[in-house]
Ligand SMILES: NC(=O)c1ccc[n+]([C@@H]2O[C@H](COP(=O)([O-])OP(=O)(O)OC[C@H]3O[C@@H](n4cnc5c(N)ncnc54)[C@H](O)[C@@H]3O)[C@@H](O)[C@H]2O)c1
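In this note's numbering, the protein residues as written are 1208 to 1492.
Shown next as structure tokens:
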């Protein structure tokens, strides 16, 4: 069977894990059986492409640091993986879909923050009969939200906990005069809708967007942000209620080595989605 030809946009923490996994068809000695080949690599920082390319056995045919000639570049791939930035979603995903290519989006926050983008992606992908994959990212429980939503969902709530100093530099926290150094027991910094939360805590945007899209939308999804001295890493708790009953999921995320703001699970969720694409048996909703 012909290999699926892949183009990756973004050679950062997530992109590097994806490219190395496709190239070696394994992660930490565990075989993936993806049947994919890396054809295109794009990043605005040429040195990042170079660094990543050095670690690959087979160099991609096309390496670029801008979008000139994007139309021809897209001819060389079947699947475009965006793992760069919110801006890159509009920049690469829309042209890829227009060319009839399948896409995977990691910067899912763009679908919440860029007005009309989600609808545009939905319209073009339907027209061109392409698939748009949005991995679960740094959270779990998306399968339950999707199933529960079919029967009717009453509420979805996300609580994100981080060590207090993890909020250093956050404008919303600074404006409220909260001294992060003096927090000795858990303190709620914010409660509100997912739509409001992403404005004040942009670092939470991807998780809030995934949950909103899979569940009941960004106005109805409730978000609570907690500075918790007992938390060692980013902890996400999801609680949902519907006709199906109740769901509670807690994820304690390990940060990725290359970018401490990105959970390792997010990169792994992209690989799990690739496995799903290439497998004939698809477990989970
Ligand atoms: N879905 C999730 O749960 C989840 C979790 C973590 C991160 N993310 C998102 O995934 C994306 C990648 O995360 P990361 O940790 O790998 O980031 P990173 O900063 O480590 O790497 C991003 C790379 O993309 C490049 N880039 C940025 N904009 C670009 C553009 N317009 N064109 C080409 N290259 C561009 C940068 O130069 C950088 O090398 C981010 O948008 C991040 O917010 C999503």
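Even for Gly, the Cβ is constructed at its ideal location relative to N, Cα and C.
Query raised in the report: Can you name the start and end residues of the alpha helix (DSSP H) that residue 1361 belongs to?
Result: It is not in any alpha helix (DSSP H) - residue 1361 instead sits in the beta strand (DSSP E) that spans 1360 to 1369.
Query raised in the report: In the structure shown, what three-state DSSP assignment does residue 1333 receive?
Result: helix
Requested in this report: Go ahead and pull the three-state DSSP assignment for residue 1397.
Outcome: strand
Query raised in the report: At what residues does the beta strand (DSSP E) containing residue 1376 begin and finish?
Result: Where residue 1376 is concerned, there is no enclosing beta strand (DSSP E), because DSSP gives it neither an H nor an E.
Report task. Measure the alpha-carbon distance for residue 1368 versus residue 1220 and round it to whole angstroms. Result -> 22 Å
Query raised in the report: With a Cβ-Cβ cutoff of 8 Å, do residue 1313 and residue 1342 count as a contact?
Result: yes
Query raised in the report: DSSP on residue 1489, reduced to helix/strand/coil?
Result: coil
Query raised in the report: In whole angstroms, what is the alpha-carbon distance linking residue 1263 and residue 1232?
Result: 11 Å
Query raised in the report: Are the CB atoms of residue 1344 and residue 1442 nearer to each other than 8 Å?
Result: In this structure, residue 1344 keeps its C-beta atom at 8 Å or more from the C-beta atom of residue 1442.
Requested in this report: Report the residue from 1381, 1293, 1288, 1247 whose alpha carbon sits nearest the alpha carbon of residue 1276.
Outcome: 1247
**Report entry** residue 1301: first and last residue of the uninterrupted alpha helix (DSSP H) it sits in
**Finding:** 1301 to 1305
Query raised in the report: Given a threshold of 16 other Cβ atoms within 10 Å of its Cβ, counted over all protein chains shown, does residue 1224 qualify as buried or as exposed?
Result: buried
Query - residue 1355 versus residue 1269 - alpha carbon distance - result: 43 Å
**Report entry** First through last residue of the beta strand (DSSP E) which encompasses residue 1222
**Finding:** Residue 1222 -> not in any beta strand (DSSP E); alpha helix (DSSP H) instead, spanning 1220 to 1231.
Query raised in the report: In terms of alpha-carbon separation, which member of 1373, 1308, 1400, 1346 lies closest to residue 1475?
Result: 1346
**Report entry** Whole-angstrom C-beta distance between residue 1306 and residue 1281, which should lie under 8 Å
**Finding:** 5 Å
Query - Helix, strand or coil at residue 1235 according to DSSP, with G and I counted as helix - result: coil
Query raised in the report: What's the call for residue 1289, buried or exposed, on a 16-neighbour Cβ count within 10 Å?
Result: buried
Report task. Whole angstroms is fine: what's the gap from residue 1303's alpha carbon to residue 1292's? Result -> 16 Å
Query raised in the report: Per DSSP, residue 1309 forms a beta bridge with which residues?
Result: 1286
Query raised in the report: Do residue 1250 and ligand 1 come close, with the Cβ less than 7 Å from some heavy atom?
Result: yes
Report task. Name, in chain order, the residues that DSSP records as bridge partners for residue 1443. Result -> 1367, 1458
Query raised in the report: Fully enclosed by the region 1250 to 1299, which beta strand (DSSP E) runs are 3 residues long or longer?
Result: 1269 to 1271, 1286 to 1289
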